[in-house]
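A quick write-up on the structure given underneath.
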Amino acid sequence: MAALPPKESLIEYPSDFPIKVMGPTHDAFTVTIIEVITKHDPTFHEGKVETRPSSGGKYTGLTVTVRATSREQLDALYSELSGHPMVKIVL
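When the sequence shown is numbered by my numbering, its final residue is 168 and no position is left out of the sequence of numbers.
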């Protein structure tokens, strides 16, 4: 499947957009992810985070709902999250 040109998108902006982030369980995981997200969405706050530990407790999954204002914003956020050393998966 070919990538859409930057001006075309299947998402209507602005909109609330859920992102799933998973990483090893760590005391600072949620706080760190919130710091990364607020760089890209200044309106983000901890009330927009759902936390779920894995069944064995080794990993933590977060569902964060950001206010997406552009494709460029989402691309930059996904890129930073994907490259973060505490993050294993971003969906």
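Here a beta-carbon is modelled for each residue, glycine too, at the ideal position from N, C-alpha and C. Just so it is clear, the structure is predicted and the values come from calculations on it, not from any experiment.
- Residue environment for A145: buried (at least 16 other C-beta atoms within 10 angstroms of its C-beta).
- Using a 10 angstroms sphere on the CB of L151, the tally of other CB atoms reaches 16 or more, which defines it as buried.
- By the CB criterion at 8 angstroms, T107 and L154 fall outside the cutoff.
- The Cβ atoms of G100 and V164 sit closer than 8 angstroms to each other.
- L158 counts as buried, since at least 16 other C-beta atoms from the protein chains shown sit within 10 angstroms of its C-beta.
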